[in-house]
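In what follows, a single structure is set out as structure tokens and then discussed.
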Amino acid sequence: MLIDNISIAIVGGGPAGLTLARLLQLKNANVKVFERDFNKEARVQGSPLDMHEDSGLAALRKADLLEEFKKTFRPGADKTLIMNEQAEILFSDHDTKPEDDFGAEHFRPEIDRGPLRNMLLESLHPDTVVWDSHFISMEPQNEGWMLHFKNGTFAYADLVIASDGAHSKIRPYLTDIKPVYSGVIMLEGMVSKEYAPTINALINGGKIMAFGNSKNILMGQKGNGDLGFYASFKADENWAANFSLNFSDNTAVFQWFKTEYPEWNEIWYELFENATTPFIPRPIYAMPLDQNWESKSNLTLMGDAAHVMPPFAGEGANMAMLDALELSEHLTDDRYSTLQEAISHYEVNMRKRAAAATKESLDNGEQMHSATALTTMLEFFNGHIR
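At position 85 of the sequence shown (counting the first as 1) the number is 85 in my numbering, and the numbers step up by one without a gap.
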């Protein structure tokens, strides 16, 4: 195989990077994952992920981890309430959605990021992940690259695969195309369930999507009961810097919410009054749909480093894990005579399907922040109910 007798460095230990490492190790590849976190407990993992049949689940199935996933996912976490700004429930599938429906067209089982990461980590050979490896730079050496990390260490790899997220430091070594602001800000917060009893009773382990006045509140419940939520709205890209809001001050953020979401019911106040972590403003970006670059034999991209997209179709992590599946297959396919040929075929297909997913995400984002968002989302969900 093309990967015989070469060293492979995956930079970034998120779901995509770890999935790729697992898939390559099943083919006996010499692979290391360089992750900036000090260890696997270094930070709280983000919001839960929903896995799709033809992407995320397909990658886990190929990695021989589907049965382990079935032990780890959260049955019922994909159940959804659609509400208006007055917290009136206009759609619910809590009583109709099966908790375990693997193989069904619209089944999207949810898993917390922490358990998913742990499952992938435990599937790898010991010492595959090199922790505390914050990538700084690299330069060509021999046929590959010499990588340098913030802690002063360095490593050589014949092939580097960038899986280091939306702000990838490796992407510029391949292309100067940069992501474009989508027009949406998502203000992220977290609250313990005991501090939001009314909403905790409503969400019941699932999700809430509330729409009103071209603004949203989107939220999901983690396995430990914490409620992760986002106030999502159209704003200038530099909104956070220009607004000078102290995002660690619940009182200040709560006052902002009452001012900017004046029509919204007081039921939502318990989220903003009682947040248990600082709020984080997240401008939402997307790669240009027509991005292109010349393929290299010793470097490629995957996940957000390749095609960051808005979260409004639930495709980001799934496309990233599909990248892992397809890249592993291309690198181990005897039909290709060189690494550059294999990588080129992977990148052409990856960019095409990522562009389609990005367009869907952007279109959904526009609809979800429009004056008719509630009607549009009700029509969408009612069309998918079984």
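Backbone N, C-alpha and C fix where the C-beta goes; we use that ideal spot for every residue, glycine too.
What you are looking at is a predicted structure, and each value in this text was computed from that prediction instead of being measured.
(request) For THR300, collect the residues of the same chain with a Cβ closer than 6 angstroms to its Cβ; drop the 5 residues on either side in sequence, then sort them by chain order. (result) ILE161 and ILE343
message = Quick check: what's the CA-CA separation for GLU379 versus ILE82?
response = 11 angstroms
Report task. Report all residues from its chain with a CB closer than 6 angstroms to the CB of ARG386; omit the five preceding and five following residues, and keep chain order. Result -> Note that ARG386 has pLDDT 38, beneath the 50 cutoff, so the model's placement of it is unreliable and the number below is only indicative. Answer for ARG386: no residue qualifies.
Item checked: Contained beta strand (DSSP E) runs [length at least 3] in the stretch 164 to 216, N- to C-terminal order -> 180 to 191 and 207 to 212
- Pair every Cβ in the stretch 36 to 55 with every Cβ in the stretch 311 to 326, then say whether three or more of these pairs are closer than 8 angstroms. yes
- Message: Going by DSSP, what residue range makes up the alpha helix (DSSP H) through PRO282?
- Response: Before going on, a small fix: residue 282 reads as Arg here, not Pro. Counting along the chain, ARG282 falls outside any alpha helix (DSSP H), though it belongs to the beta strand (DSSP E) covering 280 to 286.
Label ARG335 either buried or exposed according to how many other C-beta atoms from any shown protein chain fall within 10 Å of its C-beta, with 16 as the threshold for buried.
exposed
For the candidate residues SER328, GLN340 and GLY13, whose alpha-carbon lies nearest to that of HIS134? GLY13
Have a look at GLU263 and ASN213 and give me their C-alpha separation to the nearest angstrom.
-> 8 angstroms
Measure the alpha-carbon distance for ARG171 versus LYS40 and round it to whole angstroms. 24 angstroms
Worksheet item: If you draw a straight line from the C-alpha of SER295 to the C-alpha of GLU341, how long is it?
Response: 8 angstroms
To the nearest angstrom, report how far apart ALA42 and HIS167 are at their CA atoms.
-> 19 angstroms
>> Along the chain, where does the beta strand (DSSP E) containing TYR230 start, and where does it finish?
In response: 227 to 234
| query | With DSSP run on the structure shown, which of helix, strand or coil describes HIS369? | reply | coil
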